[in-house]
Amino acid sequence: MLGYAGMGLEEIGALESRRDVGFGKAGLMRKAMNAALMSLEPSGIRRINALARDTPGCIALALGEPEFDTPSSICSAVVTALEARDTHYPPNNGTESLREAIAAYMRHPSTGDARLRYDPDEVIVTAGATEALSVALAALLDPGDEVVIPTPAFSLYESIVRSHHGVPVPLDTTRRAFQIDAQALSACVTDRTKAIVLCSPSNPTGCVLDAASLDAVAEALARWGLYAVCDDVYNRLVYEEGFERFAARHSELRGQLIVVDSCSKPWAMTGWRLGWIAAARPIAREIAKMHQFTVSSVPSFEMPALEAALTVSPCEMRRVYRGRRDRTVAALNAMGLPVVRPQGAFYAFPSISRTGLTSIEFCERAIREAGVALVPGTCFGAEGHVRLSYCVSDSDLDEALHRLARFVSTICVEG
Ligand code: PLP
11 MLGYAGMGLE EIGALESRRD VGFGKAGLMR KAMNAALMSL EPSGIRRINA
61 LARDTPGCIA LALGEPEFDT PSSICSAVVT ALEARDTHYP PNNGTESLRE
111 AIAAYMRHPS TGDARLRYDP DEVIVTAGAT EALSVALAAL LDPGDEVVIP
161 TPAFSLYESI VRSHHGVPVP LDTTRRAFQI DAQALSACVT DRTKAIVLCS
211 PSNPTGCVLD AASLDAVAEA LARWGLYAVC DDVYNRLVYE EGFERFAARH
261 SELRGQLIVV DSCSKPWAMT GWRLGWIAAA RPIAREIAKM HQFTVSSVPS
311 FEMPALEAAL TVSPCEMRRV YRGRRDRTVA ALNAMGLPVV RPQGAFYAFP
361 SISRTGLTSI EFCERAIREA GVALVPGTCF GAEGHVRLSY CVSDSDLDEA
411 LHRLARFVST ICVEG
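In terms of this note's numbering, the sequence shown opens at residue 11 and continues consecutively.
Next comes the structure, spelled out in C-alpha cells:
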C-alpha cells in the first residue's frame with residue numbers, strides 16, 4: 011500500500027484511473043510517479059488570481075502579498091554583501107552571526123518573547139516558511155502518520171503532509187469562532203497522530219488562538235507526546251493586546267515544538283524567500299538534514315539582509331494594516347456578511363451563507379459581475395466563507411469594498 015497511506019478505497023480507485031502510465035521512447039511502460047503528489051491539485055488561490063488577471067479592471071484581494079516594498083536598509087545590506095563578493099557556499103543552517111541574531115530577536119521582549127529561548131545551533135535559516143514547513147514535516151512524518159490541522163487552514167499544510175505520505179486530519183473550528191476545543195481535538199487524535207499544525211494569527215481568518223485553545227493543544231501534546239509545528243509567520247502583525255505565541259506560553263514543551271517564522275510578511279520580503287526554524291537540538295538536527303538535502307542553504311548574500319531585517323520595526327506597516335482591518339470589518343458588517351473580527355495578519359474570512367451561493371460561485375460571480383477577486387473558502391477547507399486580503403493599497407481596498415457591497419446587495423435581493 012506504499013504511496014496510498016491513509017487514502018480511502020474510493021480515493022485510491024480515482025487515483026488509479028488517473029495514473030499516468032505511458033510508453034517511453036524505447037517502448038517500455040513507464041511507471042507511475044509519486045501517487046500522493048499526483049493526487050494534489052495546484053493551488054486554488056493562484057487559479058482565482060489567474061481568472062482575475064484575465065478580467066480587465068478586476069481588483070484582486072486574493073493574494074497574501076503585501077503592497078509595500080522591502081525597506082531600503084534591508085536591500086542595501088544585500089548590495090553591500092555582493093560588493094564584498096559574499097557569493098560562496100555559506101554554512102548550511104546560516105552563518106553563526108545570523109543564527110545568533112535570530113536567537114536574540116526571538117527572546118527579546120520587544121521583537122519576540124523572553125520565554126522563546128533558543129540557542130543559535132537550534133536555528134536553521136530556510137527558503138521562506140514554505141521550505142521550513144516542508145522540511146519540518148518531512149523530518150517528523152513516517153508514511154501513514156496523521157497530522158491534525160485546525161481548519162480553515164492554509165492549504166499548503168495539507169499538500170505538504172500528503173506529499174510526504176502523511177494523512178491530514180482536519181479539526182473543524184468554524185463553529186467555535188476559529189478556536190480549538192479540547193474535546194474536538196481529542197476526537198481527532200489516534201495512535202497514528204504525530205503532530206498538530208498551529209497558525210496564529212491565522213491565514214485565512216486573521217484570528218489569534220486564545221489561551222483556552224493554546225492550553226487544549228498543550229494538554230494534547232503532553233498526554234500523547236505529539237509535536238506542534240507553530241507557523242508563526244504573522245506574529246509581528248497583531249493589532250490587539252494579549253497575543254501569546256504557543257511556544258512562549260508552553261515553553262515547557264519546547265522538546266516537542268517546531269517554530270516557523272518568515273521575513274515575507276513583516277518586512278514585505280516575499281520574493282527573497284527567507285525564513286527560519288527554531289527547535290530543540292534533537293529535532294533541529296534531523297530537520298537540518300532535510301534542509302541540507304533540499305536546498306543546502308539560502309543564498310549567502312541574503313543572510314546579511316535577514317540580519318538587517320531583524321532590526322527593522324514593522325510598526326508602520328502594522329498601523330496601516332490595522333486601519334484597513336477596521337475599514338474592512340465595518341464594510342462587511344454593513345453588507346450583512348458576518349465576520350469574526352480578525353486580530354492579526356491581513357485577512358478577513360466572512361461567512362457568505364446568507365447569499366445562498368457556494369464559495370466558488372460567489373467568487374466567480376464577484377470577479378465577473380463586480381470586478382473583485384476573493385478566494386473561495388473551499389481552498390481552506392471551509393465552504394460557506396470567502397477570504398479577503400486587505401494588504402492592497404487603500405484606494406484599491408476602498409473601491410473593492412464599494413463594489414462588493416453593491417454585488418452582495420444584488421445577490422441578496424435575487425435570493
Ligand atoms: N504560512 C502561512 C500561514 C502563510 O500565509 C504563508 C504565505 O502566505 C506561508 C506560510 C509561506 O510563507 P513564505 O513566503 O515565507 O514561504
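Cβ coordinates follow ideal geometry from the N, Cα and C atoms, glycine included.
Can you give me the Cβ contacts of residue i inside the same chain, cut-off strictly under 8 Å, excluding the 5 residues immediately before and after it?
i	result
Cys373	Ile58, Ala383, Leu384, Val385, Pro386, Val396
Gln302	Asn102
Val31	Legend: pLDDT at Val31 = 48, less than 50; position of this residue unreliable, no value from coordinates given.
Gly235	Gln266
Would you report the Cα separation of residue i and residue j, rounded to the nearest angstrom?
i	j	result
Val402	Leu71	7 Å
Gly285	Ser274	8 Å
Ala232	Arg63	48 Å
Tyr128	Glu75	29 Å
Val269	Gly366	40 Å
Ala45	Arg291	33 Å
Arg364	Arg56	26 Å
Ala94	Ala137	22 Å
Thr105	Ala318	14 Å
Arg334	Arg328	10 Å
Gly13	His175	Residue placement at Gly13 is flagged as unreliable, the pLDDT there being 42, under the threshold of 50; the coordinate-derived value follows with that caveat. Roughly 6 Å separates the two Cα atoms.
Ser261	Ala315	29 Å
Val248	Thr90	32 Å
Arg413	Gly381	7 Å
Thr183	Ala87	42 Å
Arg375	Ser107	51 Å
Arg259	Asp225	9 Å
Asp201	Arg416	51 Å
Tyr357	Ser223	20 Å
Ile421	Ser405	25 Å
Gly61	Ile377	One detail in the question is off: residue 61 reads as Leu in this sequence, not Gly. Cα to Cα, Leu61 sits roughly 8 Å from Ile377.
Gly67	Leu407	13 Å
Lys299	Leu92	28 Å
Ser398	Thr203	Contrary to the premise, residue 398 reads as Leu rather than Ser in this sequence. If you take the alpha carbons of Leu398 and Thr203, they lie about 32 Å apart.
Ala114	Arg283	21 Å
Ile255	Val177	Per the sequence shown, the amino acid found at residue 255 is Arg instead of Ile. If you take the alpha carbons of Arg255 and Val177, they lie about 26 Å apart.
Gln193	Ala221	15 Å
In terms of residues, what are the limits of the beta strand (DSSP E) holding residue i?
i	result
Ser272	267-272
Ser399	396-399
Ala205	203-209
Leu181	177-182
Thr161	156-161
Asp241	237-241
Ile362	Segment: none, Ile362 is in no beta strand (DSSP E) and carries neither H nor E.
Ala288	285-289
Start and end of the alpha helix (DSSP H) containing residue i?
i	result
Pro130	Where Pro130 is concerned, there is no enclosing alpha helix (DSSP H), given that its DSSP letter is neither H nor E.
Thr338	325-345
Gly138	138-150
Cys68	Careful: Cys68 lies outside any alpha helix (DSSP H) and carries neither H nor E.
Ile377	From DSSP, Ile377 is part of no alpha helix (DSSP H); its letter is neither H nor E.
Cys198	192-198
Ala234	Reading off the sequence shown, one finds Trp at residue 234, where the question assumed Ala. Looking at the DSSP string, the run of the alpha helix (DSSP H) that includes Trp234 is 221-234.
Thr80	No alpha helix (DSSP H) contains Thr80, which DSSP labels as neither H nor E.
Trp166	One point to set straight first is that residue 166 is Leu, not Trp, in the sequence displayed. Element bounds for Leu166: 166-173.
Leu108	106-117
Met48	45-48
Phe253	That residue, Phe253, is in no alpha helix (DSSP H); it is neither H nor E in DSSP.
Pro314	313-319
Given residue i, which residues of its chain have a CB within under 6 Å of its CB, disregarding the five upstream and five downstream residues?
i	result
Pro324	Arg246, Pro276
Ile112	Val133, Trp286
Phe253	Val218
Ser173	Ala46, Leu47
Ser210	Val218, Leu219
Arg109	Pro130, Val133
Ser419	none
Between residue i and the rest of its own chain, which residues show a CB-CB distance below 7 Å, the 5 nearest in sequence each way excluded?
i	result
Leu166	Thr140, Leu143
Thr368	Glu393
Asp79	Ala278
Phe188	Ser212, Thr215, Cys217, Val350
Asp336	none
Kindly give me the distance between the Cβ atoms of residue i and residue j, rounded to whole angstroms, as I take these residues to be in contact under 8 Å.
i	j	result
Phe359	Thr215	4 Å
Val179	Val207	Between Val207 and Val179 the Cβ distance is about 10 Å, and since that is not below 8 Å, they are no contact.
Val227	Leu195	7 Å
Pro81	Val322	5 Å
Ile7	Val171	This structure does not reach residue 7, given that the chain is present from 11 up to 425, and the question cannot be answered.
Ala205	Val239	6 Å
Ala341	Leu411	4 Å
Closer than 7 Å to a non-hydrogen atom of ligand 2 - does that hold for the CB of residue i?
i	result
Asp404	The model on display carries ligand 1 but not ligand 2.
Determine, using beta carbons only, whether residue i comes closer than 8 Å to chain E.
i	result
Asp152	In the structure shown, chain E cannot be found, because there is only a single protein chain.
_Segment contact, 8 Å Cβ cut-off, at least three pairs: the segment 343-351 with the segment 119-126_ = no
_the segment 98-114 contacting the segment 295-309, beta-carbon criterion three pairs below 8 Å_ = yes
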